[in-house]
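K.L.:
For the sequence shown, the numbering used here begins at 3 and goes up steadily by one.
Backbone N, C-alpha and C fix where the C-beta goes; we use that ideal spot for every residue, glycine too.
Mind looking over this structure? Questions follow.
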Amino acid sequence: MSRRRDVTVPDLVERARAGEARAVARLISLVEDESPLLREVMAALAPHTGHAQVIGITGSPGVGKSTSTSALVTELRRAGKRVGVLAVDPSSPFSGGALLGDRVRMQDHALDRDVYIRSMASRGHLGGLAWTTPQALRVLDAAGCDVVLVETVGVGQSEVEIAGMADTTMVLLAPGMGDGIQAAKAGILEIGDLYVVNKADREGADQVRRDLRSMLQLAQLPEGAWRPSIVKTVAHKGEGMDELVAEIDRHRAWLESSGELERRRRRRARDEIEAIAVTALRRRWGDVHGRSELDDLAAAVVAGETDPYAAADELLASFTD
Ligand SMILES: Nc1nc2c(ncn2[C@@H]2O[C@H](COP(=O)(O)OP(=O)(O)OP(=O)(O)O)[C@@H](O)[C@H]2O)c(=O)[nH]1
Ligand SMILES: [Mg+2]
Numbered sequence: 003m004s005r006r007r008d009v010t011v012p013d014l015v016e017r018a019r020a021g022e023a024r025a026v027a028r029l030i031s032l033v034e035d036e037s038p039l040l041r042e043v044m045a046a047l048a049p050h051t052g053h054a055q056v057i058g059i060t061g062s063p064g065v066g067k068s069t070s071t072s073a074l075v076t077e078l079r080r081a082g083k084r085v086g087v088l089a090v091d092p093s094s095p096f097s098g099g100a101l102l103g104d105r106v107r108m109q110d111h112a113l114d115r116d117v118y119i120r121s122m123a124s125r126g127h128l129g130g131l132a133w134t135t136p137q138a139l140r141v142l143d144a145a146g147c148d149v150v151l152v153e154t155v156g157v158g159q160s161e162v163e164i165a166g167m168a169d170t171t172m173v174l175l176a177p178g179m180g181d182g183i184q185a186a187k188a189g190i191l192e193i194g195d196l197y198v199v200n201k202a203d204r205e206g207a208d209q210v211r212r213d214l215r216s217m218l219q220l221a222q223l224p225e226g227a228w229r230p231s232i233v234k235t236v237a238h239k240g241e242g243m244d245e246l247v248a249e250i251d252r253h254r255a256w257l258e259s260s261g262e263l264e265r266r267r268r269r270r271a272r273d274e275i276e277a278i279a280v281t282a283l284r285r286r287w288g289d290v291h292g293r294s295e296l297d298d299l300a301a302a303v304v305a306g307e308t309d310p311y312a313a314a315d316e317l318l319a320s321f322t323d
């Protein structure tokens with residue numbers, strides 16, 4: 003009965019491309035719902051992608067990612083860019099919930115037609131973050147965003163995954179959060195193109211910067227490699243945002259001149275194809291829905307009736323049947 007059913011994919015795509023927020027929202031919901039329509043959606047979007055600059059923003063809980071994102075949006079809007087914001091919560095199966103606070107921090111932009119803000123959950127999805135985020139990015143890209151900011155809280159593997167999806171990855175730190183040690187532990191020193199010491203109005207910001215700089219200097223970089231820069235900001239006052247945008251632009255120019263942009267995008271497409279293929283394989287084997295062929299084979303391996311290699315062969319053979 004619902005009118006929604008009457009909406010066709012070409013119609014939705016056309017409206018999203020014209021910048022209609024509701025159509026964009028609907029397409030991203032199709033991603034979240036793992037809709038069977040996605041195949042058609044992605045085919046329709048493909049010719050219109052490749053324009054958006056994707057910037058990943060990560061860091062420990064509370065460092066100021068959402069506040070910085072909002073301040074960056076302001077700065078990018080001043081430069082006349084259309085901006086998409088994707089807040090990905092890697093720990094929640096529900097969108098909106100944990101990120102409600104973000105909406106409040108983003109309300110400056112709520113009425114701006116050239117800003118599209120969306121929270122997205124990823125847990126509970128068959129392919130997780132690796133599967134949902136790139137597809138949502140395609141939607142925003144095709145919808146005409148010049149820049150898409152992807153905020154993810156740095157827990158577990160999520161920041162490394164997001165870094166793989168972004169052209170430029172920004173890692174936020176703040177004084178008083180034991181970030182120096184945390185940084186080394188979580189391996190964030192390998193993923194940042196830009197490091198932001200936020201809450202520079204607080205004591206200890208210069209120490210964080212010094213610690214970070216000396217840790218970054220230990221890295222052996224090949225000739226011509228990008229040397230990550232460090233910017234100090236006070237996000238809720240918008241301080242340092244002009245410098246941050248200048249560094250983002252400088253990194254962008256390096257990405258293009260070095261050929262790294264193309265390399266990153268190909269690697270991203272590779273990961274995306276892999277995530278879709280692996281998801282399809284898992285679904286086929288019933289990995290998530292109750293008893294499956296995989297369970298049966300596992301039981302056989304435990305019982306010594308077969309070995310893992312033979313079992314894997316059997317599983318793959320069943321896929322090509
Ligand atoms: N003093 C000071 N406070 C800041 C600054 N930037 C953000 N805050 C405050 O820090 C708190 C956390 O900011 P958020 O932007 O929500 O941090 P977040 O990293 O998005 O947090 P999660 O999404 O929960 O991981 C808020 O109360 C902000 O107002 C800053 O530069 N200086
Ligand atoms: Mg946040």
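1. Report yes or no: do the stretch 160-171 and the stretch 133-152 share at least 3 C-beta pairs separated by less than 8 angstroms?
2. By the DSSP assignment, the alpha helix (DSSP H) with residue 281 in it spans what residues?
3. Indicate the three-state DSSP secondary structure (helix, strand or coil) for residue 31 in the structure shown.
4. Whose C-alpha, out of 67, 202, 259, is nearest the C-alpha of residue 172?
5. Quick one: is the Cβ of residue 67 within less than 7 angstroms of any heavy atom of ligand 2?
6. So is residue 234 buried or exposed if we call it buried at 16+ other beta carbons inside 10 Å?
7. Across the stretch 139-154 and the stretch 58-77, are there enough close Cβ pairs to call them in contact, namely three or more that are closer than 8 angstroms?
8. With distances taken from CA atoms, which of 22, 9, 76 is nearest residue 39?
9. What are the boundary residues of the alpha helix (DSSP H) that residue 209 is part of?
10. Does DSSP classify residue 16 as helix, strand or coil?
11. Please determine whether the Cβ atom of residue 153 lies at a distance below 7 angstroms from any heavy atom of ligand 2.
12. Give me the residue from 46, 139, 279 with the minimum Cα distance to residue 89.
13. Note down, in chain order, each residue of its chain lying with its Cβ closer than 8 angstroms to the Cβ of residue 46, except the 5 sequence neighbours on either side.
14. Identify every residue that forms a DSSP beta bridge with residue 236.
P.N.:
Put simply:
1. Output reads yes: the stretch 133-152 touches the stretch 160-171.
2. Start at 1 with the first residue of the sequence shown, and residue 281 comes out as number 279. Unbroken alpha helix (DSSP H) run through residue 281: 262-287.
3. By one-based count along the sequence shown, residue 31 stands at place 29. Residue 31 falls in the helix class under three-state DSSP.
4. Here residue 172 is taken as the residue at index 170 of the sequence shown, counted from 1. Checking every option, the nearest Cα to that of residue 172 belongs to 67.
5. For the purposes of this step, residue 67 is identified with residue 65 of the sequence shown, where counting begins at 1. Correct: residue 67 has its Cβ closer than 7 angstroms to ligand 2.
6. Sequence index remark: in the sequence shown, residue 234 carries index 232 (1-based). It counts as buried.
7. yes
8. Here residue 39 refers to the residue found at position 37 when the sequence shown is read from its first residue. For residue 39, the nearest C-alpha among the options comes from 9.
9. The count along the sequence shown starts at 1 and reaches residue 209 at position 207. Unbroken alpha helix (DSSP H) run through residue 209: 207-219.
10. Numbered from its first residue, the sequence shown carries residue 16 at position 14. Of the three classes helix, strand and coil, the one that applies to residue 16 here is helix, per DSSP.
11. The residue labelled residue 153 in the question sits at position 151 within the sequence shown. Answer for residue 153: yes, Cβ within range of ligand 2.
12. By 1-based counting over the sequence shown, the position of residue 89 is 87. That would be 139, whose Cα lies nearest to the Cα of residue 89.
13. Start at 1 with the first residue of the sequence shown, and residue 46 comes out as number 44. So the list reads 11, 12, 15, once near-sequence residues are dropped.
14. Working through the sequence shown from its first residue, we reach residue 236 at position 234. Answer is 241, bridged to residue 236.
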